[in-house]
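Notes follow once the structure below has been shown.
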Amino acid sequence: MTGTPTHVEEHAMPSLTGSCLCGAVTYRIDGAPLDFVLCHCMRCRKTTGGAYAANLIARPDDLTWTAGQRDVARWDLPTARSFATATCRICGTPVPHATRNGQLMIVPAGTLDGEPPLAPRRQIFTESKAGWCIAVPGLPVEP
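The sequence shown runs 1 to 143 under my numbering.
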């Protein structure tokens with residue numbers, strides 16, 4: 001997943017928390033996410049098993065592992081310049097991971113324990129969108 005993040009207004013925001021399905025891996029985000037995207041690329045569809053990946057984009061310094069960091073398995077796709085994914089070694093849930101250059105954190109929105117402070121802002125890699133994907137009305141589209 002790539003794309004250029006847009007900045008979300010900084011407000012006095014409570015921390016966001018997230019976890020995997022089994023609860024072994026937990027994390028906290030102490031800062032406003034930079035973006036919230038729906039990525040339709042084939043790689044993201046394969047890693048989620050869904051029509052798209054719903055990912056928050058955060059600063060690496062804003063994410064703290066609160067439990068189970070050693071239970072996070074990262075995998076970098078060898079044939080891709082920048083694609084990676086991370087999962088809980090126990091239950092297989094996708095969990096946050098840093099981009100290869102370490103400048104951003106990709107946070108699977110479905111792992112949040114509550115509602116994020118923003119809604120998805122845009123759809124990316126829509127040229128790869130699955131033909132069976134239901135349209136998300138009103139959300140900007142990037143090829």
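Each residue gets a CB set at the ideal place from its N, CA and C atoms; glycine is no exception.
Checklist entry - Hey, quick one: how far does the alpha helix (DSSP H) through R28 stretch, first residue to last? => result By one-based count along the sequence shown, residue 28 stands at place 28. Looking at the DSSP string, R28 is not in any alpha helix (DSSP H); the run it does join, the beta strand (DSSP E), is T26 to I29.
Checklist entry - Hey, A86 and V107 are a contact pair by Cβ (cut 8 Å); roughly how many whole angstroms apart? => result For the purposes of this step, residue 86 is taken as residue 86 along the sequence shown, with counting starting at 1. For the purposes of this step, residue 107 is taken as residue 107 along the sequence shown, with counting starting at 1. With 8 Å as the limit, A86 and V107 do not qualify as a contact, their Cβ atoms being about 10 Å apart.
Checklist entry - Taking the alpha-carbon positions, what's the R89 to P116 distance? => result To locate residue 89, count along the sequence shown from 1; it is residue 89. To locate residue 116, count along the sequence shown from 1; it is residue 116. Counting only the Cα atoms, P116 lies some 25 Å from R89.
Checklist entry - Does the distance from the C-beta atom of P137 to that of T126 stay below 7 Å? => result Here residue 137 is taken as the residue at index 137 of the sequence shown, counted from 1. Here residue 126 is taken as the residue at index 126 of the sequence shown, counted from 1. No, they are not a contact pair.
Checklist entry - Does DSSP put H11 in a helix, in a strand, or in coil? => result Residue 11 sits at position 11 when you count from the first residue of the sequence shown. In this predicted model, H11 has a pLDDT of only 49, less than 50, meaning its place in the structure is not dependable; the value taken from the coordinates is given anyway. Three-state result, H11: coil.
Item to check | Whole-number beta carbon distance between L112 and Q123, since they are thought to touch under 8 Å | outcome: Locating residue 123 in the sequence shown gives position 123, where the first residue counts as 1. Locating residue 112 in the sequence shown gives position 112, where the first residue counts as 1. The pair is not a contact, with the Cβ atoms about 19 Å apart (cut-off 8 Å).
Item to check | Selected residue, minimal CA-CA separation from D61, among A98, C22, A51 and S82 | outcome: On the sequence shown, position 61 is the one that residue 61 refers to. If you compare the alpha carbons of A98, C22, A51 and S82 with that of D61, the shortest gap goes to A98.
Item to check | Rounded separation between G23 and T66 - CA only | outcome: Here residue 23 refers to the residue found at position 23 when the sequence shown is read from its first residue. Here residue 66 refers to the residue found at position 66 when the sequence shown is read from its first residue. C-alpha separation (whole angstroms): 11 Å.
Next on the checklist: As a quick exercise: from G110, R81 and G68, pick the residue whose alpha carbon is nearest that of N101.
Outcome noted: Along the sequence shown, read from residue 1 onward, the residue named residue 101 stands at position 101. Nearest option by C-alpha distance: R81.
Item to check | Pairwise C-alpha distance: W132 and V95 | outcome: The residue labelled residue 95 in the question sits at position 95 within the sequence shown. The residue labelled residue 132 in the question sits at position 132 within the sequence shown. Their Cα atoms are separated by approximately 26 Å.
Next on the checklist: Does A135 come out as helix, strand or coil in the three-state DSSP assignment?
Outcome noted: Position 135 of the sequence shown holds residue 135. Coil, per DSSP.
Item to check | Same chain, Cβ closer than 6 Å to D76, neighbours up to 5 away in sequence not counted | outcome: What you label residue 76 is simply residue 76 of the sequence shown in a count that begins at 1. Around D76: A84.
Item to check | C-beta contact flag for Y27 and C39 at 7 Å | outcome: Position 27 of the sequence shown, counted from the first residue, corresponds to residue 27. Position 39 of the sequence shown, counted from the first residue, corresponds to residue 39. No, the pair does not count as a contact, with Cβ atoms beyond the cut-off.
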